[in-house]
Amino acid sequence: MGLRDHVVVVTGASSGIGRATAEAFARKGCAVVLAARREEALEATAEECGKHRGARTLVVPTDTTDAGAVENLARRAVQEFGRIDVWVNNAAVNAFGRFEDVPLEDFRKVLDVNVMGYVHGARAALPVMREQGTGTLINISSIAGAVAHPYNHPYSMSKYAIQALGSSLRQQLRMEGLKGIHVCTVMPATIDTPHFEQAANYTGRKLIAMPPVYSPERVARAVVDLVRHPHREVVVGPAGRALVRQARMAPGLAERAMARQADKSHLSHDESAPATHGVLHVPAPGEGAVHGGWHGRRRTAMRRTAVAAALAGAAVTAGRRVSRSH
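Numbered by the UniProt record's numbering, the letters in the sequence shown go through residues 1 to 326 in order.
The following block contains the structure:
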């Protein structure tokens, strides 16, 4: 069965990575089931997905912290399209602040959405995939699941938990001999989405997307590629890959580097910010958006141009040296 025939469920499809991922699958002609708290934003996502030839959509407003609602999401997908080939656990929230300053209700909410929401998704998707004998469960984690962040404790905790969830599920499925079901974890670096302006913030400082910033479309392409070629874990963004490698080889150095970088470029030294719950308890109004205004796509293009220019310059220099030697 080609990718065009796949039925894909995406949580957190109202904005950011989830929306970009839904559109990427729709572009391949997949049937896409869109889930998030905001129906208006989901309808906007469905409209964009529907522009692609062969794409079909189903909007199912869902609070992923509600296990029954997530089970209903899976049920609706099967009723409408007959199967679930791919389930993308993506819905996530964030809270920044010193450990003592983040309200416990916000701490719990981040863990409930980011951990239990993924648990609910896996428990809804895997029985369907077991019956089919095939399927791919993709959990969107973060490089924060390898190197914690000094100012977003609950988010870092949740992403470490997602790494463990993926590992334990893969081991169980292997022991059960279910080779047709894959569990993959995606670890993006900083991505240009509305995530930062929607996060709870108790730092007193304006949140900034920590550079380098990559586009959500880059993550979406990685997710689509995982369906074709499943891997245990994939890091999106060269800077993220470098940091994860450092964390595994020299964790102490990685922690110190993250602390310096977060204080230097993740929290503004010039602009203050009032304490806010962000969208933790009440979803943002409006139609949602893929990008957050941090220009991830443009900056990625600029980095590629700079690298290409550097390589070209190196090639010219090497050529001159060869010419002189003859």
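Where a beta carbon is used, it is the ideal one built from N, C-alpha and C, also for glycine.
How about residue i and residue j: are their beta carbons less than 8 Å apart?
i: V224; j: K51; result: no
i: Y160; j: G180; result: no
i: G16; j: V282; result: no
i: A95; j: P188; result: no
i: L3; j: L34; result: no
i: S156; j: V115; result: no
i: V186; j: L173; result: no
i: P216; j: T190; result: no
i: S265; j: P212; result: no
i: N201; j: A92; result: no
i: S14; j: A46; result: no
i: V236; j: A222; result: yes
Under the three-state reduction of DSSP, which class applies to residue i: helix, strand or coil?
i: L207; result: strand
i: T45; result: helix
i: D63; result: coil
i: K190; result: Correcting the residue type first, residue 190 is Thr in the shown sequence and not Lys. Three-state DSSP puts T190 in coil, outside helix and strand.
i: G18; result: helix
i: G166; result: helix
i: S215; result: coil
i: S265; result: helix
i: N89; result: strand
i: D225; result: helix
i: L178; result: coil
i: D112; result: helix
i: F96; result: strand
According to the neighbour-count rule (16 or more other Cβ atoms, all chains shown, within 10 Å of its Cβ), is residue i buried or exposed?
i: A164; result: exposed
i: D85; result: buried
i: R228; result: exposed
i: K109; result: buried
i: L104; result: exposed
i: residue 397; result: Lying outside 1 to 326, the shown extent of the chain, residue 397 is not represented and no answer is given.
i: F99; result: exposed
i: G293; result: exposed
i: H6; result: buried
i: V322; result: Its pLDDT being 47, under 50, V322 is placed unreliably by the model, and the measurement read from it follows with that caveat. Exposed.
So, for residue i: in the same chain, excluding its five sequence neighbours on each side, which residues have a beta-carbon less than 6 Å away from its beta-carbon?
i: S268; result: R205, K206, I208
i: G18; result: V10, G12, N90
i: A77; result: V9, V33, I84
i: H295; result: none
Looking only at its chain, what residues have a beta carbon closer than 7 Å to the beta carbon of residue i, apart from the 5 residues adjacent to it on each side?
i: G121; result: T11, T64, V70, W87, N89
i: Y118; result: N89, N139, I162, L165
i: Q198; result: G278, V279, A284
i: A55; result: A26, G29, C30, V32, C49
i: A44; result: E287, G288
i: H195; result: G16, N94, G292
Comparing the C-beta of residue i with each C-beta of chain C, is any distance below 8 Å?
i: A26; result: Among the protein chains of the structure shown there is no chain C, as only one such chain exists.
Can you tell which of the options has its C-alpha closest to the C-alpha of residue i?
i: G177; options: S14, I191, R130, R256; result: R130
i: T276; options: D5, A220, D101, R53; result: D101
i: A24; options: P238, R37, A247, R53; result: R53
i: E39; options: H149, P61, V147; result: P61
If you measure from the CB of residue i, is any heavy atom of the ligand PLP nearer than 7 Å?
i: E23; result: Only the bare structure without any ligand can be found here, which leaves the ligand PLP out of the picture.
Looking only at its chain, what residues have a beta carbon closer than 8 Å to the beta carbon of residue i, apart from the 5 residues adjacent to it on each side?
i: residue 329; result: As shown, the chain starts at 1 and ends at 326. That puts residue 329 outside it, with no answer to give.
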